[in-house]
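Residue numbers for the sequence shown follow my numbering, beginning at 54 and rising by one.
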Amino acid sequence: MTEIYDLAILGAGPGGYVAALRAAQLGMRVALVEQARVGGTCLNVGCIPTKALVTATDLLVRARRAAEYGIRIPEAAPDLEGVMAYQRAAVDRLVGGVEQLLKEWKVTVVRGRGRLVRPDALAVTDGAGGTTEVVARNIILAPGSVTARPPIPGLDLPGVVTSTEALDVSTVPAHLIVIGGGVIGLEFACIYEALGSRITVLD
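Rendered as structure tokens:
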């Protein structure tokens, strides 16, 4: 017999997982469908990892300027592997916290790519290609967002990366051109400038 949930939610970002937790707290049986890690863009590849990198590189900049405050320390230099590990650990810690809350409130997390097939059902395809159906009296669609790649010639060339890919690098580029002078672009410009890149922002 098919299990029927009170609520099924497609997407475990900040809209989806918060709705799942609140519904569970109100006594509903909840299924949460997600193909990636819980937490969504902000937690996994957006606000949180970039703020971790900003924190690390801000500390580096302050250490380099310590003499201005009468403090003598050896010359500060970035350990890129360590900086990236710090950023990943910050994300992992927060994702783990969300997962623990979902477990405590007995939210069923269904892994896979979901799609609405009926007003009361989601079809979820897992990584192996198998499909399961999640049936619920109520459904919330909270699929989130993906990184946009504008139609600029040359974006498929080697060395061109998205903001997501710029969060996990093994080397610091000597020269980084950032396309877009908004919050995200300038944040990466500041991070990489502190790590040693020469920066050009195109806006």
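Yeah, the Cβ is synthetic: ideal placement off N, Cα and C, and Gly gets one too.
With distances taken from CA atoms, which of the options is nearest residue i?
| i | options | result |
| --- | --- | --- |
| Arg90 | Val114, Val231, Gly149, Ala219 | Gly149 |
| Arg202 | Arg190, Asn191, Thr217 | Thr217 |
| Gly100 | Arg166, Val177, Leu147 | Before going on, a small fix: residue 100 reads as Cys here, not Gly. Answer by Cα proximity: Leu147. |
Look up residue i in the DSSP assignment and say whether it is helix, strand or coil.
| i | result |
| --- | --- |
| Asp111 | helix |
| Val225 | coil |
| Thr178 | strand |
| Thr94 | helix |
| Val83 | strand |
For residue i, collect the residues of the same chain with a Cβ closer than 7 Å to its Cβ; drop the 5 residues on either side in sequence, then sort them by chain order.
| i | result |
| --- | --- |
| Lys159 | Ala77 |
| Asp256 | Gly233, Gly234 |
| Glu240 | Thr103, Val107 |
To which residues of the same chain is residue i closer than 6 Å at the C-beta, ignoring the five residues directly before and after it?
| i | result |
| --- | --- |
| Gly238 | Val231 |
| Ile57 | Val188 |
| Ala174 | Glu186, Val188 |
| Arg82 | Tyr58, Asp59 |
| Thr55 | Val188 |
What does the Cβ neighbour count give for residue i, buried or exposed, with the cut at 16 atoms within 10 Å?
| i | result |
| --- | --- |
| Leu220 | buried |
| Ala142 | exposed |
Is the Cβ of residue i closer than 7 Å to any Cβ of chain C?
| i | result |
| --- | --- |
| Arg117 | Here chain C cannot be found, since the structure has a single protein chain. |
Q.
Between the region 195 to 212 and the region 60 to 80, can you find at least three pairs of beta-carbon atoms closer than 8 Å?
A. Yes, since at least three Cβ pairs between the region 60 to 80 and the region 195 to 212 fall closer than 8 Å, the two stretches touch.
Q | Sufficient close CB pairs (3 or more, under 8 Å) joining the region 116 to 123 to the region 226 to 234 | A | With a cut-off of 8 Å, the region 226 to 234 and the region 116 to 123 do not count as touching, because too few Cβ pairs lie within range.
Q) Using 8 Å as the threshold, is the region 120 to 130 in touch with the region 90 to 105, meaning 3 or more CB pairs across them? A) Counting Cβ pairs under 8 Å, fewer than three are found: no touch.
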